[in-house]
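This report concerns only the one structure given below.
In the numbering used here, the protein residues as written are 1450 to 1877.
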């Protein structure tokens, strides 16, 4: 039995907020029902005496219909269970209340709406709104999240510093600031399992070998996180993130901002270019340089794909440095001239766009030949790039990105003078 000293903490206001109606008998009994036509009513919460009063006051605050039924007694109340559907023995009585609620027929019992109640000071409504705000935050989609099993979660303190350092490293290497990443427990996971999610969708799932030192497995997970965030950073770049980047740039280069936005260039067009760059692992940290290249070339073209290529060419020193091997060579796979000619002849153009219309058999032959050359190079411990003419680069990259997502495709325009290039294969 609920005592008169029960406090509002015993009441979950959200359960009352979800109810269709509250049924009472004076201040002695009260229970809230959730009901949808065609379904069996469910008892959300119930209470006697002081607890019943709290339910009544909360229902009034949330404007939930309150129906008084004098036939509700101790036996009836005792047969109700919170969080469960009503039993068959309660059907007839509850049906009368629902009938009044939906105004379909009269009731043989004394049933009436309580329309006005005396107000009293109560923290219950305020507490309910705090809970609503708390749970509303769950509607926000986390850009990057890490879920871990029970054993990993027991050493949660090992994750905090490395996760914060990872955000700093991503900002320096990629050029975007990602929100705080927290490691949270998933009770359904095996003890040493973990999952990395991007926009709440798992992009990697793994399991740490039992017995691994805590700091060692954190290092493994953080490294995996860094790789996945870098490779998928373009998916994290929405309009809000682009606006934030522009606002930061505007603070120290307002003149460039004023010369471009909004009259000559738009945020959607910039987002398209920045996402193109991130897809191919190019840092967008130097936003001023990117915008300067765009500004210089806008009189010639507004095509975001072509502007992307022009921006890439301006980052040639960065690209050559990034893909250079330990011994100082840029190792490349080349296209046979006949293959380049075939691809060029397959590029179609309309007044608005250009696209690659390669025959299926030619595309498969190209993928097969490239796969063989990559396999040979990798067997020698090499990580080559594919080098082609500037006119082909973007089309070739889109053709290859699903089959060879890690393969960088560079054009001759992106090779700086005095770069030592070494051919390690030819696609025929």
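Even glycine gets a Cβ: it sits at the ideal position worked out from N, Cα and C.
Q: Tell me, to the nearest whole angstrom, how far the beta carbon of residue 1597 is from that of residue 1612; I am working on the premise that it is less than 8 Å.
A: For this step, residue 1597 is matched to residue 148 along the chain shown. For this step, residue 1612 is matched to residue 163 along the chain shown. Not a contact, Cβ separation roughly 12 Å.
Q. Cα-Cα, which of 1845, 1770, 1774 is closest to residue 1866?
A. Translated into the one-based positions of the chain shown, residue 1866 becomes position 417. Cα-wise, what sits closest to residue 1866 is 1770.
(Q) With three or more C-beta pairs closer than 8 Å as the rule, is the segment 1700-1714 touching the segment 1675-1687? (A) no
Q) Counting Cβ pairs closer than 8 Å, one from the segment 1474-1482 and one from the segment 1493-1511, do we hit at least three? A) yes
Q | Residue environment, residue 1637, which counts as buried when at least 16 other CB atoms sit within 10 Å | A | Walking along the chain shown from the start, residue 1637 turns up at place 188. By the neighbour-count rule (16 or more Cβ atoms within 10 Å), residue 1637 is not buried but exposed.
Q) Where does the unbroken alpha helix (DSSP H) through residue 1681 begin, and where does it stop? A) Stepping through the chain shown from its first residue, residue 1681 is reached at position 232. That residue, residue 1681, is in no alpha helix (DSSP H); it is neither H nor E in DSSP.
Q: Go ahead and pull the three-state DSSP assignment for residue 1877.
A: Indexing the chain shown from 1 puts residue 1877 at position 428. Here residue 1877 sits in coil by DSSP.
Q | Contact set for residue 1698: own chain, Cβ-Cβ below 8 Å, skip 5 residues either direction | A | Residue mapping note: residue 1698 aligns to position 249 of the chain shown, counting from 1. The answer, listed in chain order, is 1705, 1706, 1736, 1737, 1740.
Q: Confirm, please, whether the CB-CB distance from residue 1848 to residue 1858 is below 7 Å.
A: Locating residue 1858 in the chain shown gives position 409, where the first residue counts as 1. Locating residue 1848 in the chain shown gives position 399, where the first residue counts as 1. Cβ atoms of residue 1858 and residue 1848: not closer than 7 Å.
(Q) Report the CB separation of residue 1465 from residue 1521 in whole angstroms; it is logged as a contact under 8 Å. (A) Working through the chain shown from its first residue, we reach residue 1465 at position 16. Working through the chain shown from its first residue, we reach residue 1521 at position 72. The pair is not a contact, with the Cβ atoms about 17 Å apart (cut-off 8 Å).
Q. So, is residue 1811 buried or exposed, given that buried needs 16 or more other C-beta atoms within 10 angstroms?
A. For this step, residue 1811 is matched to residue 362 along the chain shown. It is exposed - the Cβ of residue 1811 has fewer than 16 other Cβ atoms within 10 Å.
Q: Indicate the three-state DSSP secondary structure (helix, strand or coil) for residue 1497 in the structure shown.
A: Residue 1497 sits at position 48 when you count from the first residue of the chain shown. Three-state result, residue 1497: strand.
Q. Around the Cβ of residue 1806, are there at least 16 other Cβ atoms within 10 angstroms (buried) or fewer (exposed)?
A. Residue mapping note: residue 1806 aligns to position 357 of the chain shown, counting from 1. Residue 1806 comes out exposed.
Q) Under the three-state reduction of DSSP, which class applies to residue 1786: helix, strand or coil? A) Reading the chain shown from its first residue, position 337 is the one you call residue 1786. DSSP places residue 1786 in helix when its eight states are reduced to three.
**Q.** Enclosing alpha helix (DSSP H) for residue 1812 [first to last residue]
**A.** Taking the chain shown and counting its residues from 1, the one referred to as residue 1812 is at position 363. Where residue 1812 is concerned, the enclosing alpha helix (DSSP H) stretches over 1809-1828.
**Q.** Touch test, the segment 1533-1547 against the segment 1494-1512, Cβ-Cβ under 8 Å, three pairs minimum
**A.** no
Q: Can you give me the start and stop residues for the alpha helix (DSSP H) that residue 1622 sits inside?
A: By 1-based counting over the chain shown, the position of residue 1622 is 173. Run containing residue 1622: 1606-1622, per the alpha helix (DSSP H) assignment.
Q. For residue 1624, does the count of other Cβ atoms within 10 angstroms reach 16, so buried, or fall short, so exposed?
A. Counted from its first residue, the chain shown places residue 1624 at position 175. Answer is buried; the Cβ neighbour count reaches 16.
Q | CB contact flag (residue 1660, residue 1782, <7 Å) | A | Locating residue 1660 in the chain shown gives position 211, where the first residue counts as 1. Locating residue 1782 in the chain shown gives position 333, where the first residue counts as 1. Their beta carbons are not under 7 Å apart, which means residue 1660 does not touch residue 1782 by this criterion.
Q | Buried versus exposed call for residue 1502 [16 or more other C-beta atoms within 10 Å across all chains shown] | A | Walking along the chain shown from the start, residue 1502 turns up at place 53. Buried, by the Cβ-count rule.
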